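Working notes, structure below.
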Amino acid sequence: LHGDHRIGALAQSNALIVVGEDETALNLGDTVRTLVLDRPF
Numbered sequence: 002l003h004g005d006h007r008i009g010a011l012a013q014s015n016a017l018i019v020v021g022e023d024e025t026a027l028n029l030g031d032t033v034r035t036l037v038l039d040r041p042f
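Next up, the structure:
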């Protein structure tokens with residue numbers, strides 16, 4: 002993360018998008034893998 006201001010949003014998240022190392026962009030409507038967080042940080 003590049004900035005402390007993003008930590009608060011991450012701490013409130015209930016899921017993360019899994020993006021491959023070779024992916025440089027996502028487009029509206031793309032199917033993505035998610036990692037559901039079952040408990041808060």
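Position one of the sequence shown corresponds to residue 2 (our numbering), numbered consecutively onward.
Quick reminder that beta carbons are idealized off the backbone N, C-alpha and C, glycines included.
None of these values were measured; they are calculated from a predicted model.
C-alpha gap between L29 and V20, whole angstroms: The residue you call residue 29 lines up with position 28 of the sequence shown. The residue you call residue 20 lines up with position 19 of the sequence shown. Distance between the alpha carbons of L29 and V20 is about 14 Å.
Cβ-based neighbour list, R34, same chain, cut-off 7 Å, excluding 5 preceding and 5 following: Here residue 34 refers to the residue found at position 33 of the sequence shown. For R34, where only same-chain residues beyond five positions count, the Cβ hits under 7 Å are V19.
Alpha-carbon to alpha-carbon, E22 and L38: For the purposes of this step, residue 38 is taken as the residue at position 37 of the sequence shown. For the purposes of this step, residue 22 is taken as the residue at position 21 of the sequence shown. Each residue's Cα considered, the two are about 21 Å apart.
Pair within 8 Å by beta-carbon distance, A16 and L36: Taking the first residue of the sequence shown as 1, we reach residue 16 at position 15. Taking the first residue of the sequence shown as 1, we reach residue 36 at position 35. Yes, the Cβ-Cβ distance between A16 and L36 is below 8 Å.
Inter-residue Cα distance where the pair is T32 and S14: Here residue 32 refers to the residue found at position 31 of the sequence shown. Here residue 14 refers to the residue found at position 13 of the sequence shown. Cα to Cα, the separation comes out at about 19 Å.
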